[in-house]
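Number of protein chains: 2
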Amino acid sequence: MQTGYEPTPRTTPTRYRERMHYDRATVHQILDESLICHLGYLNAGRPVVLPTTHARLGETLYLHGSTGGGPLLAARAAPSGLPVCVTVTLVDGLVLARSAMHHSVNFRSVVVLGDARVVDEAAEKRRALAGLLDHGAPGRAADCRAANPRELAATGVLALDLVEVSAKVRTGGPVDDPEDCALPHWAGVVPLSLTAGAPIPVGDLDPATPVPGYLQKRRP
Amino acid sequence: MQTGYEPTPRTTPTRYRERMHYDRATVHQILDESLICHLGYLNAGRPVVLPTTHARLGETLYLHGSTGGGPLLAARAAPSGLPVCVTVTLVDGLVLARSAMHHSVNFRSVVVLGDARVVDEAAEKRRALAGLLDHGAPGRAADCRAANPRELAATGVLALDLVEVSAKVRTGGPVDDPEDCALPHWAGVVPLSLTAGAPIPVGDLDPATPVPGYLQKRRP
């Protein structure tokens, strides 16, 4: 259970193998931190990549959709599962080297390959939707009006098991060739992070309503 | 020239059509602000989505790769162009509604569909690489050692014309159903933005080297 994901030819790159990670802790942390993912699937034989929200519950990744949206319609038409690639990327910094060649970006990414299925069972769908709400604001699912049956029916959820999975991580400063290190150009890293500002209440909110603790935790 | 991108069936969604934009200014701004993109292509008939860096020069999107990487190899094997979907997404905020159903994310995304070609001509490749360097740090291409012929040969660049393009934007607060507005749950937006920290010089940098102005502009 606690072993990592088994590398496959599709999750083994030809370059930068030292940046690859297959342990569950690294993969889970990246999936859990990123607020959105990019879902790739085929539409009429061509690749389509759409952003959406996701939540990981154990070893299953749930993806938000709408029942009339492209991925859900494609998944309905693929009873044995819709071939997908779900990719999540966190940008951690700009890496500036003395040489053009060694410029880079610090990042953490996860790629999940597999066949996604439509979640139809009501209990699993409710768990998935709670996970999607709690993903961005842990505790929110218990602090809002739950979906009624009509709303539940209008929401689409895809499920993808975490089996063929890899993470790729680049950290640290630039690595210039020795002969370039005396060049006069500034070199280093500009750290980047997705930062939350002060919560903005909706116009008609009772001013006495406190900001929930699970939102205050998101502040830098 | 200044008209927008012509919508096609593939860039016309079935839902939320009011969130779609086809004008060049909106599309360019989103492409230019995002530091990374997600490139979707087919590998052995299955979708693959990889993060990479990009730069827009006029109406062409250039994508960074390596000559031995998957997308470049696939594009080499597709002389009439590699079918791709390049998607860029900026996350601007968490949207919390009183009802689970109306939770959302404020975002700006661009989807570019088309057939990508490998850039082989040296002058175009040098322009593209300069664009990639300047994309994250405008001015950097002129302030580092340019690629030598060996480095140029080891770098792969794909080009994709901006023809079949759409932007999707969600802004503003939650929109709850009227009967939910008296519920006691906090509702509103948590603004989010990718924020730069203080530049960190590489360990062996001459301490007298000033931080370039084009990096200071990135500070919040």
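Protein chains in written order, with the working numbering: chain A, 10 to 229; chain B, 10 to 229.
Cβ coordinates follow ideal geometry from the N, Cα and C atoms, glycine included.
Since the model is a prediction, treat every value here as computed from it, not as a measurement.
Hey, how far is the Cα of residue i from the Cα of residue j?
i	j	result
Tyr14 of chain A	Ala83 of chain B	26 Å
Cys153 of chain B	Lys134 of chain A	52 Å
Leu192 of chain A	Thr218 of chain B	11 Å
Cys190 of chain A	Val100 of chain A	26 Å
Pro229 of chain A	Thr204 of chain A	Per-residue confidence for Pro229 of chain A stands at a pLDDT of 46, beneath the threshold of 50, marking its modelled position as unreliable; no derived number is given.
Arg85 of chain A	Glu130 of chain A	14 Å
Ser89 of chain A	Leu161 of chain A	23 Å
Arg149 of chain B	Ile45 of chain B	17 Å
Leu72 of chain B	Val120 of chain B	14 Å
Ala156 of chain A	Ser108 of chain B	7 Å
Tyr223 of chain B	Leu48 of chain B	27 Å
Pro56 of chain B	Asp143 of chain B	30 Å
Ala151 of chain A	Val104 of chain B	16 Å
Ala69 of chain A	His63 of chain A	Per the sequence shown, residue 69 of chain A should be read as Thr rather than Ala. Going from the Cα of Thr69 of chain A to the Cα of His63 of chain A covers about 10 Å.
Pro16 of chain A	Gly212 of chain A	50 Å
Val166 of chain A	Val220 of chain B	47 Å
Pro210 of chain B	Gly181 of chain A	11 Å
Val172 of chain B	Val36 of chain B	11 Å
Gly206 of chain A	Ala53 of chain B	44 Å
Pro187 of chain B	His111 of chain B	12 Å
Pro22 of chain A	Leu81 of chain B	13 Å
Gln225 of chain A	Ala87 of chain B	51 Å
Arg26 of chain A	Pro158 of chain B	25 Å
Gly79 of chain B	Lys177 of chain A	15 Å
Ala146 of chain B	Leu214 of chain B	19 Å
Thr164 of chain A	Arg33 of chain A	29 Å
Pro208 of chain A	Thr98 of chain B	22 Å
Using a Cβ cut-off of 7 Å, pull out every chain A residue sitting near residue i, in sequence order please.
i	result
Ser75 of chain B	Arg24
Thr62 of chain B	Val114
Glu160 of chain B	Met110
His30 of chain B	The contacting residues do not exist; His30 of chain B stays about 15 Å from chain A at best.
Gly145 of chain B	Leu103
Leu138 of chain B	Ala109
Leu224 of chain B	Val199
How would you list, in chain order, the residues of chain B whose beta-carbon sits under 9 Å from the beta-carbon of residue i?
i	result
Leu70 of chain A	Within 9 Å Cβ-Cβ: nothing; Leu70 of chain A doesn't reach chain B, min ~14 Å.
Gly78 of chain A	Pro22, Thr23 and Arg24
Thr17 of chain A	Under the 9 Å cutoff, chain B gives no residues; its nearest Cβ is about 12 Å from Thr17 of chain A.
Per DSSP, which residues does residue i bridge with? Please list them.
i	result
Gly49 of chain B	B:Val58 and B:Cys94
Thr283 of chain B	Residue coverage of chain B in this structure runs from 10 to 229, which leaves residue 283 of chain B outside it and unanswerable.
Thr69 of chain B	B:Leu66 and B:Asp170
Met29 of chain B	B:Lys177
Asp124 of chain B	B:Pro92
Arg255 of chain A	Because chain A in this structure spans residues 10 to 229, residue 255 of chain A falls outside the shown range and cannot be described.
Leu99 of chain A	A:Arg117
Ile39 of chain A	DSSP output for Ile39 of chain A lists no bridge partner at all.
Gly74 of chain A	A:Gly165
Ala205 of chain A	B:Leu201
Leu105 of chain A	A:Gly197
Pro210 of chain A	B:Gly197
Roughly how far, in whole angstroms, is the beta-carbon of residue i from the beta-carbon of residue j, given that I think they are within contact range, below 8 Å?
i	j	result
Val93 of chain A	Ala125 of chain A	5 Å
Phe116 of chain B	Arg179 of chain B	6 Å
Pro60 of chain B	Ser118 of chain A	5 Å
Leu91 of chain B	Arg65 of chain B	Not a contact, Cβ separation roughly 19 Å.
Asp185 of chain B	Ala132 of chain B	That pair is no contact at about 56 Å.
Ser175 of chain A	Tyr31 of chain A	6 Å
Val4 of chain A	Ala168 of chain A	Residue coverage of chain A in this structure runs from 10 to 229, which leaves residue 4 of chain A outside it and unanswerable.
Pro183 of chain A	Ala196 of chain A	5 Å
Val114 of chain A	Thr96 of chain B	Rounded, the Cβ-Cβ distance is 17 Å, inconsistent with contact.
Gly77 of chain B	Arg24 of chain A	6 Å
Asp170 of chain B	Gly123 of chain B	6 Å
Gly74 of chain A	Leu201 of chain A	Not quite, the Cβ-Cβ distance comes to about 29 Å (not below 8 Å), so this is no contact.
Run down chain B in chain order and give the residues with a C-beta less than 8 Å from the C-beta of residue i.
i	result
Asp213 of chain A	Cys190
Gly90 of chain A	What Gly90 of chain A touches in chain B: nothing, since even the nearest Cβ is about 12 Å away.
Thr35 of chain A	The premise fails here: Thr35 of chain A is roughly 16 Å from chain B at the closest Cβ pair, so nothing lies under 8 Å.
Val93 of chain A	Pro56
Leu142 of chain A	Ala109 and His112
For residue i, return the contacting residues in chain B, with the cut-off set at a CB-CB distance below 7 Å.
i	result
Asp152 of chain A	His194
Tyr50 of chain A	Pro56
Ala155 of chain A	Ala109
Ser118 of chain A	Pro60
Just the chain A side, please: which residues come within less than 8 Å of residue i by C-beta, in chain order?
i	result
Gly98 of chain B	In the sequence as displayed, the identity of residue 98 of chain B is Thr instead of Gly. Within chain A, the residues near Thr98 of chain B are Ile45, His47 and Pro60.
Pro149 of chain B	Reading off the sequence, residue 149 of chain B comes out as Arg, not Pro. By Cβ distance, chain A contributes Leu105 and His112.
Leu171 of chain B	Those do not exist, as Leu171 of chain B stays about 16 Å from chain A at its closest Cβ, beyond 8 Å.
For residue i, which residues in chain A fall below 9 Å Cβ to Cβ?
i	result
Ser202 of chain B	Leu203, Thr204, Ala205 and Gly206
Pro221 of chain B	Leu105, His194 and Trp195
Val209 of chain B	The question names Val, but residue 209 of chain B is Ile in the sequence shown. Gly102, Gly182, Gly197, Val198, Val199 and Pro200, listed in chain order.
Pro66 of chain B	Sequence check: residue 66 of chain B is Leu here, not Pro. Going along chain A, no residue has its Cβ under 9 Å from Leu66 of chain B, so there is no contact; the nearest lies around 16 Å.
- Message: Quick check for students: name the residue ranges of the alpha helix (DSSP H) that lie wholly in the stretch 133-202 of chain B, counting only runs of 4 or more.
- Response: Those alpha helix (DSSP H) runs which fall completely within the stretch 133-202 of chain B and span 4+ residues are 158-163.
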